[in-house]
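Asks: All residue numbers for the sequence shown refer to the working numbering, where the first residue is 2 and numbers rise by one.
We put the beta carbon where it would ideally sit given N, CA and C, even for glycine.
Note that the coordinates shown come from a computational prediction; the quantities given were computed from them, not determined experimentally.
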Amino acid sequence: MNYNWNWSIFFQPSPEGGGTYLDLLLSGLWWTIAASLASFALAFVIGSVVGVARTTPWVAVRVLGASFVEIFRNVPLLVQMFLWFFVFPELLPKAAGTWVKQLQYAPFYTTVLCLAFYAGARIAEQVRAGIQSMAAGQSSAGFALGLTRIQVYRFVLLPQAYRRIIPPLTSEFLNNVKNTSVGLTIGLLELTARARSIQEYSFQVFEAFTAATVLYIAINAIVVVVAHRLEVRLNPSRRTSQPRSAAHV
Numbered sequence: 002m003n004y005n006w007n008w009s010i011f012f013q014p015s016p017e018g019g020g021t022y023l024d025l026l027l028s029g030l031w032w033t034i035a036a037s038l039a040s041f042a043l044a045f046v047i048g049s050v051v052g053v054a055r056t057t058p059w060v061a062v063r064v065l066g067a068s069f070v071e072i073f074r075n076v077p078l079l080v081q082m083f084l085w086f087f088v089f090p091e092l093l094p095k096a097a098g099t100w101v102k103q104l105q106y107a108p109f110y111t112t113v114l115c116l117a118f119y120a121g122a123r124i125a126e127q128v129r130a131g132i133q134s135m136a137a138g139q140s141s142a143g144f145a146l147g148l149t150r151i152q153v154y155r156f157v158l159l160p161q162a163y164r165r166i167i168p169p170l171t172s173e174f175l176n177n178v179k180n181t182s183v184g185l186t187i188g189l190l191e192l193t194a195r196a197r198s199i200q201e202y203s204f205q206v207f208e209a210f211t212a213a214t215v216l217y218i219a220i221n222a223i224v225v226v227v228a229h230r231l232e233v234r235l236n237p238s239r240r241t242s243q244p245r246s247a248a249h250v
């Protein structure tokens, strides 16, 4: 099999109009980044609330939190995406369901919502683990100072827990970036969907998906660098002492 490589395909006009194949790919990159950031921001809020709920002394609250985690963490992402997009509007009152179906960017909103709940369930476990990894004396000291339970979480437990879970949060965000590709199944024209479009229009399958792969790697590399610098900034004790040791030698 002889394959004719043609990297100049990205500078040729796109059949969809409005630019080249490269413009098509970059528009997919934009939707991937937008969906990733929006869904993770929402997932962080959901995960924080549910993670805190799982560490409270109230049994009913802990059960609700655990139920949320088990449902959204164990149901396959693709199934959840279809449920949010096809089933959820049918459960709403007719007028509301029709409005949801007719939203201009319905695939984007659905993808953000689905990824937020899916990632939120996983972040909740990370937040719970971060809180429970601290000594019980942290809470006791807060209560001894006259803080309420909410204030203990806000000023004592959560700031320390967040610093401890930066590495797993980074991995979760990277997974979230990749999971946006599931949005193509409901019509979101993100990076993978655009790569498929280029392949279908031009039949240059290797060029299209190689370019998409490079862009995914670039996003992940940027996230890893930013997360590492954030971790070092918030945890000075984790800074490597190797250069100093080498200097003494």
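1) From Val227, Leu38 and Val62, pick the residue whose C-alpha is nearest to that of Leu116; which is it?
2) Identify whether Thr57 lies in helix, strand or coil by the three-state DSSP scheme.
3) Leaving out the 5 sequence neighbours to the left and right, which residues in its chain are closer than 7 Å to Leu175 when beta-carbon positions are compared?
4) Considering only residues of the same chain and omitting the five flanking positions on each side of Val153, which have a CB-CB separation below 6 Å?
5) Mark Gly8 as exposed unless 16 or more other C-beta atoms lie within 10 angstroms of its C-beta, in which case mark it buried.
6) So, for Leu65: in the same chain, excluding its five sequence neighbours on each side, which residues have a beta-carbon less than 7 Å away from its beta-carbon?
7) Mark Leu146 as exposed unless 16 or more other C-beta atoms lie within 10 angstroms of its C-beta, in which case mark it buried.
8) Considering only their Cβ atoms, is the gap separating Tyr119 from Gln161 smaller than 9 Å?
9) Can you tell me where the alpha helix (DSSP H) with Ala329 in it begins and where it stops?
10) Can the beta-carbon of Ile10 be found closer than 9 Å to that of Ile199?
11) I need the boundaries of the alpha helix (DSSP H) containing Val113, first residue and last residue.
12) Return the Cβ separation of Gly52 and Ala136 in integer angstroms, given the expectation that the two are a contact with Cβ distance under 8 Å.
13) Taking the DSSP output, what are the residues bridged to Pro16?
14) According to DSSP, is Thr181 helix, strand or coil?
15) Identify the continuous alpha helix (DSSP H) that holds Leu159 and give its terminal residues.
16) CA-CA distance, Phe210 and Trp100?
17) In angstroms with no decimal places, state the Cα-to-Cα distance between Gly29 and Phe83.
18) By DSSP, does Thr171 sit in helix, in strand, or in coil?
19) So what does DSSP say about Thr21, is it helix, strand or coil?
20) Determine the DSSP secondary structure at Thr33, reduced to helix, strand or coil.
21) Give me the Cα-Cα distance between Arg165 and Asn236, rounded to the nearest whole angstrom.
22) For Phe195, count the other beta carbons within 10 Å of its own beta carbon; 16 or more makes it buried, fewer makes it exposed. Which is it?
23) Between Trp31 and Lys102, what straight-line distance do the alpha-carbon atoms span, to the nearest angstrom?
24) When DSSP labels each residue in this structure, what does Asn236 get in the three-state scheme?
25) Between the alpha carbons of Val46 and Phe204, how many angstroms are there, rounded?
26) Could you pull out every residue in the same chain whose Cβ sits closer than 8 Å to the Cβ of Ala247, ignoring the five residues on either side in sequence?
Replies: On the basis of the supplied data:
1) To locate residue 116, count along the sequence shown from 1; it is residue 115. Of Val227, Leu38 and Val62, the residue nearest in Cα terms is Leu38.
2) For the purposes of this step, residue 57 is identified with residue 56 of the sequence shown, where counting begins at 1. It is coil, neither helix nor strand.
3) Here the question's residue 175 lines up with position 174 in the sequence shown. If we look at Leu175 and ignore the five residues flanking it on each side, its Cβ neighbours are Asn221 and Val224.
4) Along the sequence shown, read from residue 1 onward, the residue named residue 153 stands at position 152. Cβ neighbours of Val153 beyond the five flanking positions: Ser140 and Gly143.
5) Position 7 of the sequence shown, counted from the first residue, corresponds to residue 8. Before going further, note that residue 8 is Trp rather than Gly in the sequence given. Exposed, because fewer than 16 other Cβ atoms sit within 10 Å of the Cβ of Trp8.
6) Here residue 65 refers to the residue found at position 64 when the sequence shown is read from its first residue. Excluding residues within five positions, the ones whose Cβ falls inside 7 Å are Ala54.
7) Locating residue 146 in the sequence shown gives position 145, counting from the first residue. The residue is exposed, with fewer than 16 neighbouring Cβ atoms inside 10 Å.
8) Here residue 161 is taken as the residue at index 160 of the sequence shown, counted from 1. Here residue 119 is taken as the residue at index 118 of the sequence shown, counted from 1. Against a cut-off of 9 Å, the Cβ pair of Tyr119 and Gln161 comes out as no contact.
9) The structure shown does not extend to residue 329, since the chain spans only 2 to 250, so no value can be given for it.
10) Stepping through the sequence shown from its first residue, residue 10 is reached at position 9. Stepping through the sequence shown from its first residue, residue 199 is reached at position 198. In this structure, Ile199 lies closer than 9 Å to Ile10 by Cβ.
11) By 1-based counting over the sequence shown, the position of residue 113 is 112. Run containing Val113: Ala107 to Gln133, per the alpha helix (DSSP H) assignment.
12) One-based indexing of the sequence shown puts residue 52 at position 51. One-based indexing of the sequence shown puts residue 136 at position 135. Rounded, the Cβ-Cβ distance is 18 Å, inconsistent with contact.
13) Stepping through the sequence shown from its first residue, residue 16 is reached at position 15. None; Pro16 has no bridge partner.
14) Against the sequence shown, residue 181 aligns to sequence position 180. Helix at Thr181.
15) As a working mapping, residue 159 is identified with position 158 in the sequence shown. Where Leu159 is concerned, the enclosing alpha helix (DSSP H) stretches over Leu159 to Arg165.
16) Mapped onto the sequence shown, residue 210 falls at position 209. Mapped onto the sequence shown, residue 100 falls at position 99. Going from the Cα of Phe210 to the Cα of Trp100 covers about 35 Å.
17) For this step, residue 29 is matched to residue 28 along the sequence shown. For this step, residue 83 is matched to residue 82 along the sequence shown. One C-alpha to the other measures close to 21 Å.
18) In the sequence shown, counting from the first residue as 1, residue 171 sits at position 170. For Thr171, the three-state secondary structure derived from DSSP is helix.
19) The count along the sequence shown starts at 1 and reaches residue 21 at position 20. In this structure, Thr21 counts as strand in the three-state DSSP scheme.
20) On the sequence shown, residue 33 is found 32 positions in, with the first residue counted as 1. Three-state DSSP puts Thr33 in a helix.
21) Position 164 of the sequence shown holds residue 165. Position 235 of the sequence shown holds residue 236. Using only the alpha carbons, I get a separation of about 9 Å.
22) Position 194 of the sequence shown, counted from the start, is the residue given in the question as residue 195. Inspection of the sequence shows that residue 195 is occupied by Arg rather than by Phe. Buried, because 16 or more other Cβ atoms sit within 10 Å of the Cβ of Arg195.
23) Locating residue 31 in the sequence shown gives position 30, where the first residue counts as 1. Locating residue 102 in the sequence shown gives position 101, where the first residue counts as 1. Cα to Cα, Trp31 sits roughly 23 Å from Lys102.
24) On the sequence shown, position 235 is the one that residue 236 refers to. Note: Asn236 maps to coil in three-state DSSP.
25) Taking the first residue of the sequence shown as 1, we reach residue 46 at position 45. Taking the first residue of the sequence shown as 1, we reach residue 204 at position 203. Distance between the alpha carbons of Val46 and Phe204 is about 42 Å.
26) Position 246 of the sequence shown, counting from 1, holds the residue named residue 247. The predicted position of Ala247 is uncertain, since its pLDDT is 41 and thus under 50; a value taken from the coordinates is nonetheless stated next. There are no such residues.
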